[in-house]
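In the numbering used here, the protein residues as written are 106 to 365.
Note that CB positions come from ideal geometry on N, CA and C, so glycine has one too.
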């Protein structure tokens, strides 16, 4: 049945307020307006950012809200002026790990259970901060004879952000913050860490521009240049979305995929 230009009904997980369990219910979706696309979602990943939304630690969110940004689906209909896609074309929003040719990759986590998977996807070694007496930035500086070229903070904790910056090599190291901090978090740091040549920057969605870059990521995946499949630890029906979040919060999953 052709649904172009019509209001359709579908299932969605709605966050009605901060701290409240997601409610799976039927919602109405308006037809796409000019320059908009309506996509039939086939599967979606559960991201830690979604958990921040549920807990109210992500800024500028108006509730109720339907969280989620890792959907994969098929274009169902398009609005006026859309020329880059057409109904029936598949769209995937995926988390890609593009191989950049790094010869040494050090994974850091307090949970040793993640080390096997980390090495499977490319880490050359893994360490746990509590196994050392000195601060982790000092450990990394010793391990790398002066500091790392790049550090990536994916926890969203201001202390680990500082440690990630301090672990960078003086004069050339770059720290990239990708973890989402708790709402209202503030940083206080020694400015000489920057004055001595380190770079500190943030990144959203890996710095990728979805329209141009997602097709490149999909092509790279199809050509087996990288394999994000190994990050998928659980697959669940959409109705078990709350179970997926429980696995995430308990540290028992890396990425759960929900199927519709």
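Inter-residue spacing [alpha-carbon to alpha-carbon] between residue i and residue j
{"i": "residue 348", "j": "residue 263", "result": "29 Å"}
{"i": "residue 206", "j": "residue 125", "result": "43 Å"}
{"i": "residue 354", "j": "residue 282", "result": "21 Å"}
{"i": "residue 253", "j": "residue 187", "result": "45 Å"}
{"i": "residue 237", "j": "residue 245", "result": "11 Å"}
{"i": "residue 332", "j": "residue 301", "result": "37 Å"}
{"i": "residue 292", "j": "residue 261", "result": "12 Å"}
{"i": "residue 144", "j": "residue 249", "result": "47 Å"}
{"i": "residue 309", "j": "residue 340", "result": "25 Å"}
{"i": "residue 211", "j": "residue 318", "result": "26 Å"}
Close Cβ partners of residue i (< 6 Å) along its chain, the five nearest in sequence each way excluded
{"i": "residue 343", "result": "363 and 365"}
{"i": "residue 220", "result": "231"}
Close beta carbons around residue i, own chain, < 7 Å, minus the five adjacent residues each side
{"i": "residue 173", "result": "149 and 155"}
{"i": "residue 233", "result": "214, 215 and 217"}
{"i": "residue 181", "result": "108, 143, 144, 145 and 192"}
Residue i, buried or exposed, once every other Cβ within 10 Å from all chains shown has been counted against 16
{"i": "residue 327", "result": "exposed"}
{"i": "residue 242", "result": "buried"}
{"i": "residue 169", "result": "exposed"}
{"i": "residue 189", "result": "exposed"}
{"i": "residue 350", "result": "buried"}
Closest residue to residue i among the options (Cα-Cα distance)
{"i": "residue 251", "options": "275, 301 and 157", "result": "275"}
{"i": "residue 299", "options": "272, 338, 224 and 129", "result": "272"}
{"i": "residue 184", "options": "139, 267, 303 and 121", "result": "139"}
{"i": "residue 307", "options": "351, 297, 257 and 325", "result": "257"}
{"i": "residue 152", "options": "294, 322, 259 and 319", "result": "259"}
{"i": "residue 305", "options": "360, 277 and 210", "result": "277"}
Own chain partners of residue i with C-beta closer than 8 Å, once the 5 adjacent residues on each side are dropped
{"i": "residue 288", "result": "161, 162, 163 and 164"}
{"i": "residue 112", "result": "133, 134, 135 and 136"}
{"i": "residue 121", "result": "128, 168 and 169"}
* If you scan the stretch 219-272 from start to end, which runs of the beta strand (DSSP E) of 3 or more residues do you find wholly inside it? -> 230-232 and 255-258
* May I have a chain-ordered list of the beta strand (DSSP E) segments no shorter than 3 residues that lie completely inside the stretch 125-177? => 128-134 and 142-150
* alpha helix (DSSP H) runs contained entirely in the stretch 284-361, provided each spans 4 or more residues -> Complete alpha helix (DSSP H) runs here, min 4: 297-300, 315-327 and 346-354.
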